[in-house]
Ligand code: ADE
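In my numbering, the protein residues as written are 590 to 813.
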């Protein structure tokens, strides 16, 4: 899959995309992440991409032209499944949205900035608006990085043990059971006996019980 991220701050995302899971996915040829500096699409000699809002409101607004030019240039090369805009007033990003987007071929993510973007972009070019939570970030770069990570890690083959992505927290709207490694006892802190029993069926039941109990206690909203 391919993700094109349009931003005024590419350096903010670049390091992130070249590390960990995103780097591995790209090396394996399973994902491509391309960063586009919106200023490169500005017709202005100072490379400005924003202007004052009509109506005398405070703040600056991202202009139509550079965004349209960038998105049009990308669309001329290939078809896109979604043109996503990161915005605190968008639909809430969660594991279901990540799963859905991980099955797409080509995505554009436009990082919002300043006070917002000219609404005509949202009306005419954006197909999906996504928020990563009910708080306001300075820009959409962190949101784009969060989404790219969550989407790419579940592309088949990216995580070597596919099972481990399938058993993630939230994958079936449940939190994961606690997990342990050696030693079986550390400073008197013990791993639950059941995990050392070797009884696979009982361990599965325990895992499901724990998962349900933790979800009920910590995230009862998920069970509704
Ligand atoms: N831009 C600013 N805040 C945001 C949020 N919570 N989610 C996505 N994009 C944003």
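Virtual Cβ for every residue (Gly too), placed ideally from N, Cα, C. Because the structure is a prediction, the values reported are computed rather than measured.
- Looking only at 768, 743, 803 and 710, the smallest Cα-Cα distance to residue 610 is reached by 743.
- Per the Cβ contact rule, the segment 623-640 is in contact with the segment 650-659 (3 or more Cβ pairs under 8 Å).
- Shortest gap from the CB of residue 597 to any heavy atom of ligand 1: 7 Å or more.
- Considering only 673, 666, 669 and 779, the residue with the shortest C-alpha distance to residue 596 is 673.
- Restricting attention to alpha helix (DSSP H) runs no shorter than 4 residues, the segment 620-689 encloses them at 653-666, ordered along the chain.
- Annotation: the continuous alpha helix (DSSP H) that includes residue 609 extends over 609-616.
- Residue 627 and residue 746 have their alpha carbons spaced roughly 32 Å apart.
- Contact between residue 624 and residue 608 fails: their C-beta atoms lie close to 14 Å from each other, not under 8 Å.
- In the three-state reduction of the DSSP assignment, residue 596 falls in the strand class, which pools E and B.
- Scanning the segment 687-714 for uninterrupted beta strand (DSSP E) segments of 3 residues or longer gives 695-700, listed from N- to C-terminal end.
- When secondary structure is reduced to three states using DSSP, residue 801 falls in the helix class.
- Not one heavy atom of ligand 1 sits closer than 7 Å to the Cβ of residue 622.
- Using a cutoff of 7 Å, the CB of residue 703 does not count as near ligand 1, since none of the ligand's heavy atoms is closer than that.
- A distance below 8 Å separates the beta carbons of residue 594 and residue 733.
- If you ignore the 5 residues before and after residue 671, its C-beta comes within less than 8 Å of the C-beta of 690, 693, 696, 697, 716 and 717, all in its own chain and listed in chain order.
- Following the DSSP letters along the chain, one finds residue 719 inside the beta strand (DSSP E) bounded by residues 717-720.
- In the DSSP assignment, residue 736 falls within the unbroken alpha helix (DSSP H) covering 730-741.
- In this structure, the CA atom of residue 680 is about 37 Å from the CA atom of residue 792.
- For residue 782, the enclosing alpha helix (DSSP H) covers residues 782-785.
- Residue 806 sits in a helix when the DSSP states are folded into three classes.
- If you compare the alpha carbons of 639, 615, 605 and 810 with that of residue 590, the shortest gap goes to 615.
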